[in-house]
Amino acid sequence: MSKIYDKLKGGDLRSIGKAEEVVTDILNDKNLFIEVFNGMLSDDALIRMRSADAIEKVSRLYPEYLQPFKQRLIDEISQVRQQEVRWHIAQMFSRLEFQKEEISQVVSLLIEWIDNSQSKIVKVNSLQALTDIAKKHNEIIFLAISKIEEVIDNGSPAMISRGKKLLKELTISGDSRGAV
Numbered sequence: 159m160s161k162i163y164d165k166l167k168g169g170d171l172r173s174i175g176k177a178e179e180v181v182t183d184i185l186n187d188k189n190l191f192i193e194v195f196n197g198m199l200s201d202d203a204l205i206r207m208r209s210a211d212a213i214e215k216v217s218r219l220y221p222e223y224l225q226p227f228k229q230r231l232i233d234e235i236s237q238v239r240q241q242e243v244r245w246h247i248a249q250m251f252s253r254l255e256f257q258k259e260e261i262s263q264v265v266s267l268l269i270e271w272i273d274n275s276q277s278k279i280v281k282v283n284s285l286q287a288l289t290d291i292a293k294k295h296n297e298i299i300f301l302a303i304s305k306i307e308e309v310i311d312n313g314s315p316a317m318i319s320r321g322k323k324l325l326k327e328l329t330i331s332g333d334s335r336g337a338v
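Heads up: the sequence shown begins at 159 in the working numbering, then just goes up one per residue.
The structure is reproduced here in structure tokens:
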């Protein structure tokens with residue numbers, strides 16, 4: 159087990175442990191990015207969660223670090239069922255550049271998570287990612303609007319509130335549902 163993973167172990171799922179320190183380590187040595195990225199597939203739930211947290215935070219600053227790992231994120235990492243990993247994956251999806259054939263795969267994952275996740279954070283982050291991707295790819299804007307309207311009609315108060323904000327982001331007038 160590497161020293162970087164030692165920083166991600168210990169405690170419980172309510173704590174990010176030394177994930178911030180790992181972010182700093184990656185920013186000081188870009189070569190650590192792949193090792194921490196691979197940590198999202200660890201057998202240890204804490205390492206998976208904290209690796210996802212660290213990679214998501216690094217990708218906020220340097221989305222280009224994540225781009226070479228896009229296919230692995232879509233094909234492998236997204237299969238991790240842990241909610242604390244998925245909510246970070248949704249955020250990372252927002253930062254990637256996709257080819258047309260990849261968009262449907264990512265959108266399908268996000269919609270599945272919106273529809274089936276027990277975690278409100280996974281749902282909200284997936285809605286945000288769907289909105290962010292739709293802003294870049296007009297071909298899915300109606301699908302995104304439809305999904306957001308569904309959440310507004312059937313979601314929890316927090317989901318309804320976020321849905322209304324996201325719907326405004328996708329509509330020209332900002333006040334009529336479904337108008338684009």
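C-beta: ideal position from N, C-alpha, C; glycine also. Treat the numbers as computed from the prediction; the structure is a model and nothing was measured.
Where residue i sits in the DSSP three-state scheme
{"i": "residue 249", "result": "helix"}
{"i": "residue 197", "result": "helix"}
{"i": "residue 325", "result": "helix"}
{"i": "residue 188", "result": "coil"}
{"i": "residue 257", "result": "coil"}
{"i": "residue 276", "result": "coil"}
{"i": "residue 160", "result": "coil"}
Straight-line gap, residue i to residue j (C-alpha atoms, nearest Å)
{"i": "residue 204", "j": "residue 193", "result": "15 Å"}
{"i": "residue 218", "j": "residue 249", "result": "9 Å"}
{"i": "residue 268", "j": "residue 253", "result": "14 Å"}
{"i": "residue 303", "j": "residue 160", "result": "44 Å"}
{"i": "residue 221", "j": "residue 310", "result": "30 Å"}
{"i": "residue 260", "j": "residue 162", "result": "31 Å"}
{"i": "residue 230", "j": "residue 292", "result": "22 Å"}
{"i": "residue 185", "j": "residue 199", "result": "21 Å"}
{"i": "residue 239", "j": "residue 329", "result": "33 Å"}
{"i": "residue 149", "j": "residue 243", "result": "Missing from the structure shown is residue 149; the chain here goes from 159 to 338 and no further."}
{"i": "residue 237", "j": "residue 263", "result": "12 Å"}
Rounded distance between the beta-carbons of residue j and residue i, thought under 8 Å
{"i": "residue 289", "j": "residue 327", "result": "6 Å"}
{"i": "residue 324", "j": "residue 286", "result": "7 Å"}
heavy atom of the ligand SAM below 8 Å from residue i C-beta
{"i": "residue 250", "result": "The ligand SAM is not among the ligands present in this structure, which contains no ligands whatsoever."}
- Task: Kindly confirm or deny that the segment 318-326 and the segment 293-301 touch, where touching means at least three C-beta pairs closer than 8 Å.
- Result: Too few Cβ pairs lie closer than 8 Å, so no.
- In chain order, each alpha helix (DSSP H) run of at least 4 residues that lies wholly inside the segment 287-325: Those alpha helix (DSSP H) runs which fall completely within the segment 287-325 and span 4+ residues are 299-312.
- Item | alpha helix (DSSP H) segments (min. 4 residues) lying fully within the segment 203-241 | For the segment 203-241, whole alpha helix (DSSP H) runs of length 4 or above, ordered along the chain, are 203-219, 221-224, 228-233.
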